[in-house]
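Peer 1: Just passing along the structure, written as structure tokens.
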Amino acid sequence: MTLVLLLACAVILVATSVLAVAMARTAAATPVVYGSCLFASLLSCAAAVAALLQGAAPANLALPLGVPWLGAHFRLDALSAYFVAVVSLGAGAASLFALGYGRHEHAPARVLPFYPAFLAGMSLVVLADDAFTFLASWEFMSLTSWAMVMAHHRDRENVRAGYVYLVMAGFGTLALLLTFGLLAGPHGGYAFADIRTAHPSAAPAALVLILALVGAGSKAGLVPLHVWLPLAHPAAPSHVSALMSGVMTKVAVYGFVRIVFDLLGPPAWWWSIVVLALGGITAVMGVLYALMQHDLKRLLAYHTVENIGIIFIGLGLALAFKAHGMEFAAALAMTAGLLHVLNHSVFKSLLFFGAGAVLTSTGERDMERLGGLIHRMPQTAFVFLVGCAAISALPPLNGFVSEWLTFQAILLSPQLPSWGLKLLVPAVGALLALSAALAAACFVKAFGVTFLGRPRTPAAAGAPETDRFSLAAMFFLAALCLVAGVLPGLFVDALAPVMHAFVGARMPVQASVEWLSIVPIAQSRSSYNGLLVFLFTVISGTLAAFAIHRLASDRLRRAPAWDCGTPDPSPATQYSAASFAQPIRRVFGTIVFRAREHAEMPPPGDMRPARLTVELHDLVWEALYAPLAGAVGFAAERLNRLQFLTIRQFLTLVFAALVILLLGLAIWP
Amino acid sequence: MAVIVDLAVQGGQMLLVLLLAPLLTGLVRKTKARLLRRRGPALLQPYRDLVRLMRKEVVLAESASWLFRVIPYLVFAATWVAASLVPTFRTGLLFSWSADLIAIIALLGSARFFLALAGMDVGTSFGGIGSSREVMIASLAEPAMIMVVFTLALVAGSTQLSTIAGALLNSEVGLRVSLGLALVALMMVALAENARIPVDNPATHLELTMVHEAMVLEYSGRHLALIDLAASLKLLLYVSLIACVFAPWGIARPDAGPAALALGLASYLGKLAIGGGALALFETSIAKMRVFRVPEFLGAGLMLGLLATLLLFVSRSL
Numbered sequence: 002m003t004l005v006l007l008l009a010c011a012v013i014l015v016a017t018s019v020l021a022v023a024m025a026r027t028a029a030a031t032p033v034v035y036g037s038c039l040f041a042s043l044l045s046c047a048a049a050v051a052a053l054l055q056g057a058a059p060a061n062l063a064l065p066l067g068v069p070w071l072g073a074h075f076r077l078d079a080l081s082a083y084f085v086a087v088v089s090l091g092a093g094a095a096s097l098f099a100l101g102y103g104r105h106e107h108a109p110a111r112v113l114p115f116y117p118a119f120l121a122g123m124s125l126v127v128l129a130d131d132a133f134t135f136l137a138s139w140e141f142m143s144l145t146s147w148a149m150v151m152a153h154h155r156d157r158e159n160v161r162a163g164y165v166y167l168v169m170a171g172f173g174t175l176a177l178l179l180t181f182g183l184l185a186g187p188h189g190g191y192a193f194a195d196i197r198t199a200h201p202s203a204a205p206a207a208l209v210l211i212l213a214l215v216g217a218g219s220k221a222g223l224v225p226l227h228v229w230l231p232l233a234h235p236a237a238p239s240h241v242s243a244l245m246s247g248v249m250t251k252v253a254v255y256g257f258v259r260i261v262f263d264l265l266g267p268p269a270w271w272w273s274i275v276v277l278a279l280g281g282i283t284a285v286m287g288v289l290y291a292l293m294q295h296d297l298k299r300l301l302a303y304h305t306v307e308n309i310g311i312i313f314i315g316l317g318l319a320l321a322f323k324a325h326g327m328e329f330a331a332a333l334a335m336t337a338g339l340l341h342v343l344n345h346s347v348f349k350s351l352l353f354f355g356a357g358a359v360l361t362s363t364g365e366r367d368m369e370r371l372g373g374l375i376h377r378m379p380q381t382a383f384v385f386l387v388g389c390a391a392i393s394a395l396p397p398l399n400g401f402v403s404e405w406l407t408f409q410a411i412l413l414s415p416q417l418p419s420w421g422l423k424l425l426v427p428a429v430g431a432l433l434a435l436s437a438a439l440a441a442a443c444f445v446k447a448f449g450v451t452f453l454g455r456p457r458t459p460a461a462a463g464a465p466e467t468d469r470f471s472l473a474a475m476f477f478l479a480a481l482c483l484v485a486g487v488l489p490g491l492f493v494d495a496l497a498p499v500m501h502a503f504v505g506a507r508m509p510v511q512a513s514v515e516w517l518s519i520v521p522i523a524q525s526r527s528s529y530n531g532l533l534v535f536l537f538t539v540i541s542g543t544l545a546a547f548a549i550h551r552l553a554s555d556r557l558r559r560a561p562a563w564d565c566g567t568p569d570p571s572p573a574t575q576y577s578a579a580s581f582a583q584p585i586r587r588v589f590g591t592i593v594f595r596a597r598e599h600a601e602m603p604p605p606g607d608m609r610p611a612r613l614t615v616e617l618h619d620l621v622w623e624a625l626y627a628p629l630a631g632a633v634g635f636a637a638e639r640l641n642r643l644q645f646l647t648i649r650q651f652l653t654l655v656f657a658a659l660v661i662l663l664l665g666l667a668i669w670p
Numbered sequence: 014m015a016v017i018v019d020l021a022v023q024g025g026q027m028l029l030v031l032l033l034a035p036l037l038t039g040l041v042r043k044t045k046a047r048l049l050r051r052r053g054p055a056l057l058q059p060y061r062d063l064v065r066l067m068r069k070e071v072v073l074a075e076s077a078s079w080l081f082r083v084i085p086y087l088v089f090a091a092t093w094v095a096a097s098l099v100p101t102f103r104t105g106l107l108f109s110w111s112a113d114l115i116a117i118i119a120l121l122g123s124a125r126f127f128l129a130l131a132g133m134d135v136g137t138s139f140g141g142i143g144s145s146r147e148v149m150i151a152s153l154a155e156p157a158m159i160m161v162v163f164t165l166a167l168v169a170g171s172t173q174l175s176t177i178a179g180a181l182l183n184s185e186v187g188l189r190v191s192l193g194l195a196l197v198a199l200m201m202v203a204l205a206e207n208a209r210i211p212v213d214n215p216a217t218h219l220e221l222t223m224v225h226e227a228m229v230l231e232y233s234g235r236h237l238a239l240i241d242l243a244a245s246l247k248l249l250l251y252v253s254l255i256a257c258v259f260a261p262w263g264i265a266r267p268d269a270g271p272a273a274l275a276l277g278l279a280s281y282l283g284k285l286a287i288g289g290g291a292l293a294l295f296e297t298s299i300a301k302m303r304v305f306r307v308p309e310f311l312g313a314g315l316m317l318g319l320l321a322t323l324l325l326f327v328s329r330s331l
């Protein structure tokens with residue numbers, strides 16, 4: 002029943018898409034399309050949450066669509082329900098935001114038809130129960146999002162972003178296609194039910210793992226497959242950026258979980274090593290890249306890379322525990338990973354909305370041309386600050402809970418018997434801690450340079466507060482950050498059916514723990530109570546404020562800034578994004594980005610200003626992608642000659658090809 | 014009845030840390046001055062400073078936002094809550110389970126996050142330099158601290174501070190290489206987090222060497238008082254933490270009677286005095302580092318912590 006309802010929501014979305022094509026040029030299109038998307042998303046979110054909380058048995062549905070001998074299979078189990086809830090929550094928030102934000106769109110006809118289709122594609126991926134439906138929905142999702150990346154196609158940067166995205170998306174889908182081919186085996190059972198029962202032997206299973214990591218990882222943004230993400234996510238309109246960063250990457254995580262935890266059968270011990278290593282590297286590289294950015298949306302996109310790394314660390318730990326039969330630890334690690342899926346989608350959407358609001362109010366994405374927005378946009382600044390604190394894993398907000406659970410899972414890993422893991426896991430723990438600390442640094446920079454200080458341009462000085470719909474969406478997500486942070490037990494319990502299904506155990510029931518704490522294993526071991534921490538902080542802060550205003554002076558005088566006695570009225574004397582990141586660039590960047598600073602000092606007596614230039618190298622791009630692109634270009638150049646052959650030469654070519662193929666067939670045993 | 018006693022003890026600890034924190038700062042200053050053959054300010058001078066600041070008016074920069082005025086309270090509240098959760102004279106406090114050691118570190122992280130934002134708020138170059146250096150230091154100190162937490166948690170089988178203190182009180186744990194490494198790492202982190210020499214100088218007002226002081230340069234009056242009090246609380250927290258984990262002797266058990274509580278209190282005061290004296294001695298015997306030597310210092314701390322954790326992953330008895 003719920004499954005039919007969810008599919009009906011997807012149908013509503015596709016119908017909205019068709020409607021949008023028809024009425025794209027009318028003024029009413031924006032509210033109608035986004036209103037309809039909001040309705041469908043809320044409906045499917047409510048249905049999915051209800052299904053998850055009831056712990057309903059998996060529901061199946063086969064429709065006579067698609068490939069004739071296969072049909073289209075759909076299935077709603079706990080994992081699908083959870084991810085549908087995450088997807089439609091993000092979609093609902095984005096639609097609400099877009100009710101206001103969409104009005105500023107100067108080319109609505111390039112966004113409106115694709116937006117509902119994109120939402121439908123994401124839900125269908127999560128509900129698919131056979132390889133064909135999965136891949137078709139996956140491609141649908143990729144192509145519709147690509148179309149929206151290209152919405153502002155007159156911008157040269159966007160064209161490049163769209164091109165790289167298309168190539169990487171095609172590459173990822175190819176890897177997934179091969180994954181399912183290997184999983185289906187020689188008999189071609191492409192329904193997930195058939196794949197589940199047929200466990201591949203060790204070598205194909207290893208290949209499937211690698212291919213799934215490449216396919217799902219390229220969509221999710223695992224380093225080194227992340228290159229498209231910081232280009233494409235910022236290029237789209239902001240509500241679409243929020244969906245791509247906050248939600249579409251989670252659909253990729255779903256794909257990975259579905260293939261590796263469900264379809265592939267029992268894990269081998271070394272799988273987790275690959276996943277953990279990739280997760281750790283992704284987390285730290287993502288945040289280091291982010292620290293070097295001064296484009297607000299690109300910074301946020303790189304942070305998605307970091308958070309995907311954190312999620313994969315959780316999943317990798319779960320794989321390690323599962324492979325060694327430690328079900329309870331696996332449940333803890335996987336809960337941590339999946340909880341971070343929800344948390345990241347909430348605060349990343351919030352932050353992208355904030356960036357979108359800044360973009361509409363000032364027309365700027367470059368932080369070096371913003372500043373002081375807290376005075377002009379106080380409400381946006383407040384919710385953006387909540388998002389920054391949440392993503393920096395500060396208690397009592399939600400980002401901290403999932404990182405805390407991941408740390409607790411790491412602390413269980415000395416019991417793992419394999420030596421490789423024993424040595425790797427502490428290192429991954431250090432990488433996770435490093436990325437959390439760097440994320441806090443990065444968001445001090447993002448918020449501090451954008452919203453605090455003095456305005457650096459007239460556009461920033463005259464920015465108006467954003468509209469009510471956008472604010473409503475942002476306040477809703479900010480409230481969710483707090484609720485998920487102070488009442489994490491509810492979310493942990495909601496994930497219990499998923500844990501039962503995929504690792505065979507669950508975390509202890511959190512609802513019965515007194516004072517709504519969360520207790521991963523036992524209270525004497527570790528417990529955390531976000532609610533009490535929040536209340537204590539609020540009470541002691543209020544107490545301090547009350548005592549001081551009662552007993553001490555409450556006089557206040559406005560005066561020019563002190564600045565050690567030499568204040569300078571020019572806003573250029575403030576710390577900028579580049580100068581803020583300079584110490585970290587010097588500490589980490591000299592190795593990771595081969596960062597170099599060149600100071601150009603004019604000779605004495607010359608009145609020219611001195612110049613400081615910073616040189617950064619994206620080593621992943623230079624070492625991996627540039628040679629690859631060069632090789633492809635070279636081969637294409639050479640093979641280009643084939644297009645200008647005479648008819649005789651073409652015939653020879655065809656004949657030779659035929660002979661070679663027949664020879665191959667003859668030699669084949 | 015037991016709940017009331019527990020509440021009283023928890024409330025007593027909250028007041029105790031708040032009242033003792035300026036005294037510890039005064040003690041460190043006084044000892045440093047005596048070691049330098051100066052007479053130094055009175056032990057109670059930090060209290061007088063706080064009262065004086067509270068009475069003064071606040072001079073707020075014209076470009077300061079609402080956030081700038083809220084942050085002192087936030088920073089103070091987060092630090093105070095964190096300091097109240099570290100066992101001082103008795104383990105097993107009423108609310109000790111509401112946040113484990115990782116959460117306490119993260120609470121301090123919240124305080125620093127907001128303080129760094131305050132440095133950026135007015136839009137001056139000194140605030141920015143302080144904030145950017147502070148987050149650079151924190152980006153290495155926090156992972157090092159987490160590694161220390163890992164070490165302790167693996168030895169004691171828990172991240173709860175009360176349980177860790179109880180476990181380390183048992184003689185079975187004994188001397189371990191990993192604990193030694195963790196102690197050194199924790200001390201390095203504590204020096205960095207509290208802006209002490211050799212990482213930062215709490216007494217300096219020479220512009221280019223300031224980190225913490227540069228961040229709070231624009232604060233005055235009651236706001237500055239709160240931030241100074243929070244800084245004192247943080248110093249007390251770290252001394253209490255080191256004392257509770259590495260020198261838990263004398264600390265009262267949860268079921269202790271009044272005599273044991275008195276003993277716990279006396280031993281805690283003794284540990285604070287020793288900790289403050291040791292800090293003063295260390296600070297007078299070493300020079301401040303250049304800012305870009307700090308990453309090497311903290312990187313060494315991180316590596317020590319990682320090594321300690323790795324040793325425990327390899328063998329539970331190291």
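Going down the list, the sequences are from chains V and A.
Add 1 to the 1-based position in the first sequence for this note's numbering, that's all there is to it.
Add 13 to the 1-based position in the second sequence for this note's numbering, that's all there is to it.
Think of the CB as a built atom: it goes at the ideal place given N, C-alpha and C, for glycine as much as any other residue.
All values derive from a computational prediction rather than experimental measurement.
Once DSSP output is grouped into helix, strand and coil, what is the label at Tyr191/V?
Peer 2: coil
Peer 1: Can you name the residues of chain V whose CB is closer than 8 Å to the CB of Gln111/A?
Peer 2: Rather than Gln, the amino acid found at residue 111/A in this sequence is Ser. Under the 8 Å cutoff, chain V gives Trp516, Ser518, Ser528, Tyr529, Asn530, Leu533, Val534 and Phe537.
Peer 1: When you compare the CB of Met149/A with every CB in chain V, is at least one pair closer than 8 Å?
Peer 2: yes
Peer 1: Of all the alpha helix (DSSP H) runs that stay within the bounds of the stretch 151-214 of chain V, which reach a length of 4 or more residues?
Peer 2: Entirely contained in the stretch 151-214 of chain V, the alpha helix (DSSP H) runs reaching 4 residues are, in chain order, 157-185 and 193-198.
Peer 1: Kindly list the residues whose CB is nearer than 7 Å to the CB of Glu140/V, restricted to its own chain and excluding five residues on each side of it in sequence; keep chain order.
Peer 2: Thr174
Peer 1: When you compare the CB of Val71/A with every CB in chain V, is at least one pair closer than 8 Å?
Peer 2: yes
Peer 1: Can you tell me whether Ile211/V sits near the ligand FMN, meaning its C-beta is under 7 Å from at least one heavy atom of the ligand?
Peer 2: Absence of the ligand FMN is noted for the structure shown, with no ligands found whatsoever.
Peer 1: Thr137/A CB to nearest chain V CB: under 8 Å?
Peer 2: yes
Peer 1: Mind pulling the beta strand (DSSP E) runs of 3 or more residues that sit fully within the stretch 56-93 of chain V?
Peer 2: Here the runs fully enclosed are 60-64 and 73-77.
Peer 1: Counting C-beta neighbours from all protein chains within 10 Å, is the total for Ala485/V 16 or more, i.e. buried, or is it exposed?
Peer 2: Ala485/V comes out buried.
Peer 1: For the candidate residues Thr164/A, Ala198/A, Val197/A and Met133/A, whose alpha-carbon lies nearest to that of His225/A?
Peer 2: Met133/A
Peer 1: Within 10 angstroms of the Cβ of Tyr607/V, are there 16 or more other Cβ atoms? Answer buried if so, exposed if not.
Peer 2: Inspection of the sequence shows that residue 607/V is occupied by Asp rather than by Tyr. Classification of Asp607/V: exposed, given that the 10 Å Cβ count is below 16.
Peer 1: Near Val99/A, what residues of its chain come up, given a Cβ to Cβ distance below 7 Å and the 5 sequence neighbours on each side ignored?
Peer 2: Ile117, Leu174, Leu250, Ser253, Leu254 and Cys257
Peer 1: Whole angstroms are fine: how far does the CA of Leu278/A sit from the CA of Gly25/A?
Peer 2: 11 Å
Peer 1: Between which two residues does the alpha helix (DSSP H) holding Thr297/A run?
Peer 2: Pro271 to Thr297
Peer 1: Unbroken alpha helix (DSSP H) runs of length 4 or more, entirely within the stretch 104-189 of chain A: which are they?
Peer 2: 114-134, 138-169 and 174-182
Peer 1: Taking the alpha-carbon positions, what's the Ala356/V to Ala300/A distance?
Peer 2: 44 Å
Peer 1: For Val463/V, go through chain A and note every residue whose CB falls closer than 7 Å to its CB, in chain order.
Peer 2: Checking the displayed sequence, the identity of residue 463/V turns out to be Gly instead of Val. Per Cβ cutoff of 7 Å: no residues; Gly463/V is ~16 Å from chain A at best.
Peer 1: For a test of the three-state rule: what should DSSP assign to Tyr576/V, helix, strand or coil?
Peer 2: coil
Peer 1: I need the DSSP call for Arg612/V, collapsed to helix, strand or coil.
Peer 2: It is a strand residue.
Peer 1: With a threshold of 8 Å, are at least 3 pairs of Cβ atoms found where one atom belongs to the stretch 237-254 of chain V and the other to the stretch 299-315 of chain V?
Peer 2: yes
Peer 1: Would you call the CB atoms of Gly318/A and Met160/A closer than 8 Å?
Peer 2: Contact flag set, yes.
Peer 1: Which stretch, first to last residue, makes up the alpha helix (DSSP H) that contains His345/V?
Peer 2: Glu328 to Thr363
Peer 1: Applying a beta-carbon distance threshold of less than 9 Å, which residues of chain C neighbour Gln380/V?
Peer 2: Within the model displayed, chain C is absent; protein chains V and A are what it includes.
Peer 1: Alpha carbon to alpha carbon, what distance is there between Leu533/V and Ala512/V?
Peer 2: 15 Å
Peer 1: Considering Cα atoms alone, identify which of Ile260/V, Ala324/V and Met249/V is closest to Trp272/V.
Peer 2: For the residues Ile260/V, Ala324/V and Met249/V, the minimum Cα distance to Trp272/V belongs to Ala324/V.
Peer 1: Check whether the stretch 217-227 of chain V and the stretch 154-166 of chain V touch, using three or more Cβ-Cβ pairs below 8 Å as the test.
Peer 2: no
Peer 1: Could you list which residues in chain A have their beta carbon closer than 7 Å to that of His376/V, in chain order?
Peer 2: Ser78
Peer 1: Can you tell me which of the three DSSP states Asp607/V falls into?
Peer 2: coil
Peer 1: Can the beta-carbon of Pro584/V be found closer than 8 Å to that of Met158/A?
Peer 2: In terms of Cβ geometry, Pro584/V and Met158/A do not form a close pair [threshold 8 Å].
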